[in-house]
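A.B. asks: Numbering (full-length UniProt numbering), first residue to last: 1 to 493.
We put the CB at the ideal spot given by N, CA and C, even for glycine.
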Amino acid sequence: MPSQPVDLSASADSPLEVLVVSDVSGRGSKLGGVPVVSGEITESLAALPNVNVTLLTVGSTEKHGDARIALIPKTEDWESVRLLDVARNGQPSDVPGLPSPEEWRPDLVFGHSRYSGPAAAAIKERWYPEAGLGHFVHMPVRRYAQIQGRPQEEQDKIARIEQEVLGRADLAVGVGRLLTGVAREMAAANPRQPAFHEMIPGAEIVGPPVAPVRGETTNILFTGRVNDAIKGYDHLLRVVAELRERGVDARLRVRGVADWAVEAESRRAAEAVGGAEFVDIRPYTADSAELEADLAESHLAVMPSVSEGYGLVAAEAASRGLPVLVNAESGFGEFISDTTRVPEAVGRSFVVPDLGMDERPGERAEVWARAINNVITDYPQMVDRAAQLRAVLGDYSRRDAAAGLVEAFRRVAVDPRGHTVQGPNGVLLRPDGSKVPALRDTRGMSLGAMDYPNGMAPGAGAGRRAEEGRSARSGRSSAPRLPGPDRSSRKGM
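1. Out of E162, V239, V21 and R177, point me to the one whose CA is closest to G331's CA.
2. According to the neighbour-count rule (16 or more other Cβ atoms, all chains shown, within 10 Å of its Cβ), is L355 buried or exposed?
3. With a CB to CB cut of under 6 Å and the five nearest residues on each side skipped, what residues in its chain are close to S298?
4. Which of helix, strand or coil does DSSP assign to V378?
5. From the DSSP output, read off the bridge partner residues of Q422.
6. By DSSP's criteria, I41 is part of a beta bridge. Which residues make up the other side?
7. Buried or exposed for G274, going by 16 or more other Cβ atoms inside 10 Å?
8. In whole angstroms, give me the CA-to-CA distance for E245 and L300.
9. So, Q422 versus A401, is the Cβ gap smaller than 8 Å?
10. Please determine, among M199, I200, D170 and P201, the residue with the shortest C-alpha to C-alpha distance to A187.
11. When the Cα atoms are used, what is the spatial distance from A211 to Q381?
12. Of all Cβ atoms in chain D, is any one closer than 8 Å to the Cβ of G256?
13. What did DSSP end up calling G331 once you bin it into helix, strand or coil?
14. So what does V324 bridge to, in DSSP terms?
15. Starting from the C-beta of Q155, find all residues in its chain whose C-beta is less than 7 Å away, skip the five residues before and the five after it, and write them out in chain order.
16. Taking Cβ positions, are L166 and A119 nearer each other than 8 Å?
17. Measuring alpha carbon to alpha carbon, tell me which residue in S22, T75 and I336 is nearest L393.
18. Tell me which residues share the same chain as T285 and place their Cβ nearer than 8 Å to its Cβ, disregarding the 5 neighbours each side in the sequence.
19. Beta-carbon separation of V262 and A250 under 8 Å?
20. Let me make sure I understand the geometry here. Which of R411, P209 and E308 has the alpha-carbon closest to that of Y233?
21. Hey, quick one: how far does the beta strand (DSSP E) through residue 555 stretch, first residue to last?
22. In terms of DSSP beta bridges, what is L171 paired with?
23. Closest to E43 by C-alpha separation, out of R399, I72, V346 and E344, would be which residue?
24. Around the C-beta of W368, are 16 or more other C-beta atoms found within 10 angstroms, so that it is buried, or is it exposed?
25. Rounded to the nearest angstrom, what separates K63 and G117 at their Cα positions?
26. Consult DSSP for G347 and reduce its assignment to one of helix, strand or coil.
27. Using only the alpha-carbon positions, how far apart do T54 and P106 sit?
28. Report the residue ranges of all beta strand (DSSP E) runs contained in full by the region 246-271; include only those spanning at least 3 residues, in chain order.
29. Take H197 as the anchor and find which of R430, A317 and K435 has the nearest alpha-carbon.
30. Given T377, which residues of its chain have a CB within under 7 Å of its CB, disregarding the five upstream and five downstream residues?
31. Measuring straight from C-alpha to C-alpha, what distance separates I161 and R184?
32. Does the distance from the CB of R417 to the CB of A131 come in under 8 Å?
33. Is it buried or exposed, G311, if we count other Cβ atoms within 10 angstroms and call 16 or more buried?
34. Quick check on DSSP: helix, strand or coil for A70?
35. When burial is assigned at 16 or more other CB atoms within 10 Å of the CB, is R68 buried or exposed?
36. Beta carbon of L179, beta carbon of P129: below 8 Å?
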């Protein structure tokens, strides 16, 4: 059952309690972009001054900043299957260290994609019926299934999972404009519509920009799965081979291959590009020093995906000041093509005009080869434009994303079918670009993004606020934290 309107007349002194439900979370999961983005969202929410976050996940995970972590004991099932089983058939007491509903209740429950969205909805409805429900859309699931060659029946089945969750959610969060549109499309047939929020997952600006100096060789960096047609990796091998045939000394570094597949992929890639010395296949890593070295030793980062929900790897490279090239059908491509956010001469110079070419690989390879050659030919100017893009990304930090997300949820009370867009510095905008007016409490005072009360559902009185044991200085609980994470990596789907 959907939650009721938020009581804005309640005190703003208590922290907002958020429960994030995710089958796996964090870069250490080695399972791609969804757990990385979901982990960063969890950590960023937990860093806000008046928000307490609990992460409910399966088996083990890494530390997520100030978030407390509740671990469901793992079985032989996939993490998503185990999570859904506990959500539908278990109780909070089945999770070691998770307080009973009498001791603690969240104001908001978040789930991510089809892997944890159904579990989050079940937990909200069975364990915490007064909480609000938020759902993150991370992938254009029907489009991905189409690219992977799955039959129409399977495409429909996959999309229906999230469609049903969206019919129960109070807030649908699209990671970027493309995925917000996907969320709207999936929810369109539901009799009940949620509010929608377009979130820009932050790219942190840390330290000086990378300073690539180009010589005779151009080092190209690809980060991602090589065994998924979605990522366009085989197209990229064809592009590198074509560049080399034209006399361009292009070298490719590939980061993200499973340890056991590195040797075989090295042989395959070497054959495709014309020699082992022209391609460097490296295993997946969560080590920040290794990832930083990849960027520092490259002249250009590429994201040749056929379709990409957002494109965190490109955003991370751009945040370090490295020139990037991204596909047109991507959330990050749409973001940097938006002239209200990024100067046209800057953003669009990094987007390859390959829309609709996924079934024409030869033509697509030609377009990408031309784009890479243009970067090489005008490299000093592209480095300058990369610096300008990096400056723009400074207005879209992870903290900004978290603050805007909290404010978007607050607005559900007054506009339950609204649509907000994250602007610079976490400011909320309407889809037409106009600024969303600040919410005001019953005394006519503006409520800041960080000042939302605990107990967001009706009937959330003093007994729900659990103010006992909280630090007056920080608003954080002084009670013992939930069990800490196991650092070992997990296998996923």
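C.D. replies: Result, derived from the coordinates:
1. Distance check between G331 and each of E162, V239, V21 and R177 places R177 closest, using alpha-carbon atoms only.
2. Exposed.
3. Setting aside the 5 residues that flank it on each side, S298 is surrounded in the same chain by N219 and L221, each with a C-beta closer than 6 Å to its C-beta; the list follows chain order.
4. One detail in the question is off: residue 378 reads as Asp in this sequence, not Val. In the structure shown, the three-state DSSP call for D378 is coil.
5. For Q422, which the question treats as bridged, DSSP gives the partners L428.
6. According to DSSP, I41 shares a beta bridge with no other residue.
7. By the Cβ-count criterion, G274 is exposed, with fewer than 16 other Cβ atoms from all chains shown falling within 10 Å of its own Cβ.
8. Their Cα atoms are separated by approximately 19 Å.
9. Contact flag set, yes.
10. Per the Cα distances, D170.
11. Answer to the nearest angstrom: the Cα atoms are 13 Å apart.
12. No chain D appears in the structure shown, which is made up of a single protein chain.
13. It is helical.
14. Beta-bridge pairing links V324 to A301.
15. Within the same chain, Q155 has close Cβ partners R142, A145 and Q146.
16. Taking the C-beta atoms as reference points, A119 is found no nearer than 8 Å to L166.
17. Closest by alpha carbon: I336.
18. The residues are R255 and L291.
19. Not in contact: V262 and A250 (Cβ atoms no closer than 8 Å).
20. For the set R411, P209 and E308, the Cα lying nearest the Cα of Y233 is the one of E308.
21. In the structure as shown, the chain starts at 1 and stops at 493, and residue 555 therefore has no counterpart that could be examined.
22. According to DSSP, L171 bridges with G134 and A195.
23. Residue R399 is the option with its Cα nearest to E43.
24. Residue environment for W368: buried (at least 16 other C-beta atoms within 10 angstroms of its C-beta).
25. In a straight line, the C-alpha of K63 is about 22 Å away from that of G117.
26. The answer is helix: DSSP assigns G347 an H, G or I state.
27. Answer to the nearest angstrom: the Cα atoms are 9 Å apart.
28. 250-257, all fully within the region 246-271.
29. Checking every option, the nearest Cα to that of H197 belongs to R430.
30. Nothing meets the Cβ criterion.
31. Going by the C-alpha atoms only, they are around 14 Å apart.
32. No, the pair does not count as a contact, with Cβ atoms beyond the cut-off.
33. Within a 10 Å sphere around the beta-carbon of G311 sit 16 or more other beta-carbons, which makes this residue buried.
34. A70 carries a strand assignment under DSSP once its states are collapsed to helix, strand and coil.
35. Buried is the label assigned to R68, since at least 16 other Cβ atoms lie within 10 Å of its Cβ.
36. In this structure, L179 sits away from P129, with a CB-CB distance that is not shorter than 8 Å.
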